[in-house]
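*Asks:* Take this structure, written in structure tokens, and hold onto it; I'll ask about it next.
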Amino acid sequence: MIEAQHLTKRYGTTVAVDEASFAVRPGRVTGFLGPNGAGKSTTMRMILGLDTPSSGSVLVNGKPYRELTDPLRSVGALLDAKAIVGGRSAASHLAWLADSNGIGRRRVTEVLELVGLSDVAGKRVGTFSLGMNQRLGIAAALLGDPETLMFDEPINGLDPDGIVWIRNLMKSLAAQGRTVFLSSHLMSEMAQTADHLLVIARGRIIADASTDEFVNRNSTPSVRVRVRALQPADLAAALTRRGALVERCPDGAMIVTGLDSAAIGAVASADDITLLELAVRGTSLEEAFFELTRDETDYHAGQLSGTSERSLT
Amino acid sequence: MSATTRIRTPARPARAASISRTRKARILKAEWTKLRTLPSTWRTAALTLALGIGFSVAVALSQISQWHAMTAQQRQVFDPTSASMSGVMIAAVVLGTLAVRTVTAEYSTGMIRSTFSAMPARPFVLAAKAATAAAFAFPVTLLANLAGFELGQRIFAGQHVAVTIGHPGVLRAMVFGAVAVSLVAVIGVGIGGLIRHTAGAATTLALIIIGGLTVGQFLPAGWRQYMPGIATQAAVTVHRSAGLLRPGAALVVLAVYAAIALSAASLRVAHRDA
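Sequence lines, in order, name chains A and B.
The first sequence begins at 1 in my numbering and counts up by one.
The second sequence begins at 1001 in my numbering and counts up by one.
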């Protein structure tokens, strides 16, 4: 359980996190979604007592993080998998973490097994790939068998197998009744993993809803319909008269926003227009997310509507 | 802060005094595990022994080669103990840098966040780093001193000025030299916490130790003896010599520097975002 009250972090005149109030509850995967630079990592650092809030507070399992006895037994976190001194072996890295919270060495072997790093337990961490580092970071988070788990962009650098593995791991941890808090800038990833979403943009929490609710609420108003007609110019004119937004495609089809497929069909039959194609495109989650955060993001459309992230949907 | 600001900031990091004995023991154990599981720690120990003993022998040989040119008075103040343990300066620089790295390596990689998440009592974490680095530096330096002494006395035996380990003050000089380097290690942890970058912090430490020998030439004699490098040299003396503190006083001076460096670093680390 993580509870933030008016959590705020300012750096000079920049507000990184702005009066964020939210609760991350046990028994489900909560996705912390926002564009890069929205304040996700800063929020997570404040949760872990690493950064001091400018104002407001955040409690983990009812206490400020720094007051937890043996914090690793309450909260396991993976912030940055590469943030590790490379000279030690994977087992040694986990050994000092275990020592610091009075956790037995047997648990080190267990978590190495769990993340599939047993074979390389004695290898220098400096030789690890990013994916192996992610697994080691997850092992470190699980070390204290904590009630609350927090992962910052855990799928970065993982191969498809690794992504499926981590997705299932998150779900099983939540199914065990743990609090799982997972950040990502990829809506599509969140849709597949998270039960609940916390959306942050420019430091403000702009949505706190179940994933289904979020998707429904944000997809409906902007349903898009692809239409091809024998008389495209007539149809476009007729639809525009009814207040729809019509976008002509190079292949002769048009994308209609503002009227649903039934209404478009009715317009066509009323004007004796022959429809060749009528398909609801819907709104992808990614688009719903961009829609929501567009006005909230520092770097506008130019970067956000770019194709690099969308192409992953 | 403005009146509208809700102020319920989380507690500042717990002061070292307020954490339980169990937690202190765990933090010490964790920091010791960190130190001993880094292969470079053991390479550094080997390097300290090789360079330290080598330097001690080189200085002993050079001193004895000038024996015939020395005046009677110079021969009278010749201190065969400190003359065979010059390697203590090397130990101070090399092991001091090791101590610096216990802090800066974590800041430069970002692992400091794992450290402070696992152990939120930041000042005590720094103290534990200082304690483990000092505890590591002590036996390594003692061994280097012992070897330097034994080899040096064989060299001095040629002029019949050798002393034995049982000679008054000799054992004390060996131990004090090791304590001096342990205190330099504490200074190193402090500098590491203040500067956080390996290169900058290691250079600063080296300048404080070795730079004192050169820059010190331009300082009034009364001030020079308080420089950390000069105080480290004074710790291994048996004969009282002009321009050097008594060994005990030299350790007190180093301890004061260590306390200042560590306290300043604790304050900085505790109040800064990690």
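Here a beta-carbon is modelled for each residue, glycine too, at the ideal position from N, C-alpha and C.
These numbers were taken from a predicted model, which means no experiment stands behind them.
Kindly say whether T52 (chain A), judged by its beta-carbon, lies nearer than 8 angstroms to any beta-carbon of chain B.
*Replies:* Yes, T52 (chain A) lies at the interface with chain B (some Cβ there is under 8 angstroms from its Cβ).
*Asks:* Taking the straight line between their C-alpha atoms, what separation do you get for A1134 (chain B) and A1121 (chain B)?
*Replies:* Computed Cα separation, rounded: 20 angstroms.
*Asks:* What is the C-beta distance between A1221 (chain B) and G1243 (chain B), in whole angstroms, given that I count them as a contact (C-beta under 8 angstroms)?
*Replies:* Rounded, the Cβ-Cβ distance is 5 angstroms, consistent with contact.
*Asks:* Within 8 angstroms (strictly less), CB to CB, does P1123 (chain B) reach chain A?
*Replies:* So, not an interface residue.
*Asks:* If we define contact as Cβ-Cβ less than 8 angstroms, is S100 (chain A) a contact residue for chain B?
*Replies:* Cβ-Cβ to chain B under 8 angstroms: yes for S100 (chain A).
*Asks:* Relative to the alpha-carbon of G1110 (chain B), which residue among A:G86, A:S100, A:A98 and A:T127 has its alpha-carbon at the smallest distance?
*Replies:* That would be A:G86, whose Cα lies nearest to the Cα of G1110 (chain B).
*Asks:* Mapping DSSP to helix, strand and coil, what is E153 (chain A)?
*Replies:* In this structure, E153 (chain A) counts as coil in the three-state DSSP scheme.
*Asks:* List in chain order: all unbroken beta strand (DSSP E) runs of 3+ residues lying wholly within the region 157-184 of chain A.
*Replies:* Counting whole runs of 3 or more residues, the region 157-184 of chain A contains the beta strand (DSSP E) stretches 179-184.
*Asks:* Nearest to A194 (chain A) by alpha carbon, out of A:I166, A:L94 and A:R217?
*Replies:* When each option's Cα is compared against that of A194 (chain A), the closest is A:I166.
*Asks:* I'd like to confirm the pairing. Which residues does DSSP put opposite G76 (chain A) in its beta bridges?
*Replies:* For G76 (chain A), which the question treats as bridged, DSSP gives the partners A:L149.
*Asks:* Where W1067 (chain B) and T1214 (chain B) are concerned, what is the direct C-alpha to C-alpha distance, given to the nearest angstrom?
*Replies:* Answer to the nearest angstrom: the Cα atoms are 25 angstroms apart.
*Asks:* Could you check which residue in A:I206, A:R224, A:K9 and A:A266 has the C-alpha nearest to that of L235 (chain A)?
*Replies:* Checked all of A:I206, A:R224, A:K9 and A:A266; the closest Cα to L235 (chain A) is A:A266.
*Asks:* Below 7 angstroms CB to CB, which residues in the same chain sit around S1062 (chain B) once its five sequence neighbours on both sides are set aside?
*Replies:* Same-chain partners within the cutoff: there are none.
*Asks:* Would you mind sorting W1042 (chain B) into buried or exposed? The rule is 16 or more other CB atoms within 10 Å of its CB.
*Replies:* It is exposed - the Cβ of W1042 (chain B) has fewer than 16 other Cβ atoms within 10 Å.
*Asks:* Based on DSSP bridge pairs, tell me the residues matched to S89 (chain A).
*Replies:* Answer is A:R124.
*Asks:* Any Cβ of chain B within less than 8 angstroms of the Cβ of P146 (chain A)?
*Replies:* Closer than 8 angstroms: no.
*Asks:* Interface residues of chain A around T1109 (chain B) at Cβ under 7 angstroms?
*Replies:* Under the 7 angstroms cutoff, chain A gives A83, I84 and V85.
*Asks:* Closer than 7 angstroms by beta-carbon distance: list the chain B residues that pair up with P232 (chain A), in chain order.
*Replies:* Going along chain B, no residue has its Cβ under 7 angstroms from P232 (chain A), so there is no contact; the nearest lies around 57 angstroms.
*Asks:* Closer than 8 angstroms is the cut-off here; do at least three beta carbon pairs connect the region 103-123 of chain A with the region 61-68 of chain A?
*Replies:* Too few Cβ pairs lie closer than 8 angstroms, so no.
*Asks:* Give a yes or no on whether 8 angstroms exceeds the smallest Cβ distance from T313 (chain A) to chain B.
*Replies:* Here the model assigns T313 (chain A) a pLDDT of 33, short of 50, so the residue's position is not dependable, and the following value carries that caveat. Answer no: the Cβ-Cβ gap between T313 (chain A) and chain B never drops below 8 angstroms.
*Asks:* Listing by chain order, which chain B residues have their CB less than 8 angstroms from the CB of S129 (chain A)?
*Replies:* Simply none; closest approach about 17 angstroms.
*Asks:* Within this structure, are the beta carbons of S41 (chain A) and T8 (chain A) separated by less than 8 angstroms?
*Replies:* For S41 (chain A) and T8 (chain A), no; Cβs fall outside 8 angstroms.
*Asks:* Could I get the ranges of all uninterrupted alpha helix (DSSP H) runs contained in the region 1025-1097 of chain B, with 4 residues as the minimum, in chain order?
*Replies:* You should have 1039-1065 and 1072-1077.
*Asks:* Contact criterion: CB-CB distance below 8 angstroms. Does L97 (chain A) meet it with respect to chain B?
*Replies:* Yes, L97 (chain A) counts as interfacial toward chain B.
*Asks:* Given that a residue counts as buried once 16 or more other Cβ atoms are within 10 Å of its Cβ, and exposed if not, what is I1260 (chain B)?
*Replies:* The residue in question, I1260 (chain B), is exposed, as its Cβ has fewer than 16 Cβ neighbours within 10 Å.
*Asks:* Could you say which of A:T13, A:C249, A:A238 and A:R248 lies nearest to A268 (chain A) if we only look at CA atoms?
*Replies:* Nearest of A:T13, A:C249, A:A238 and A:R248 to A268 (chain A), Cα basis: A:A238.
*Asks:* Can you tell me whether M1 (chain A) is helix, strand or coil according to DSSP?
*Replies:* DSSP places M1 (chain A) in coil when its eight states are reduced to three.
*Asks:* Round the Cβ separation of L1219 (chain B) and A1178 (chain B) to the nearest angstrom and send it over; I've been treating them as touching at under 8 angstroms.
*Replies:* In fact, because the Cβ distance is near 27 angstroms, the residues do not count as touching under 8 angstroms.
*Asks:* Can you find a C-beta in chain A that's less than 8 angstroms from the C-beta of A1135 (chain B)?
*Replies:* Not one chain A Cβ lies under 8 angstroms of A1135 (chain B).
*Asks:* If you reduce the DSSP assignment to three classes, tell me which class Y11 (chain A) lands in.
*Replies:* DSSP places Y11 (chain A) in strand when its eight states are reduced to three.
*Asks:* List the endpoints of the continuous alpha helix (DSSP H) containing S1114 (chain B).
*Replies:* Note, S1114 (chain B): alpha helix (DSSP H), I1112 to A1118.
*Asks:* Keeping to the same chain, check which residues put their C-beta closer than 8 angstroms to that of A20 (chain A); ignore five residues upstream and five downstream.
*Replies:* Hits under 8 angstroms: A4, H6, L7, T8, G39, T43, G56, I200, G203, R204 and I205.
*Asks:* For L112 (chain A) and chain B, any beta-carbon pair shorter than 8 angstroms?
*Replies:* Output row for L112 (chain A): interface = no.
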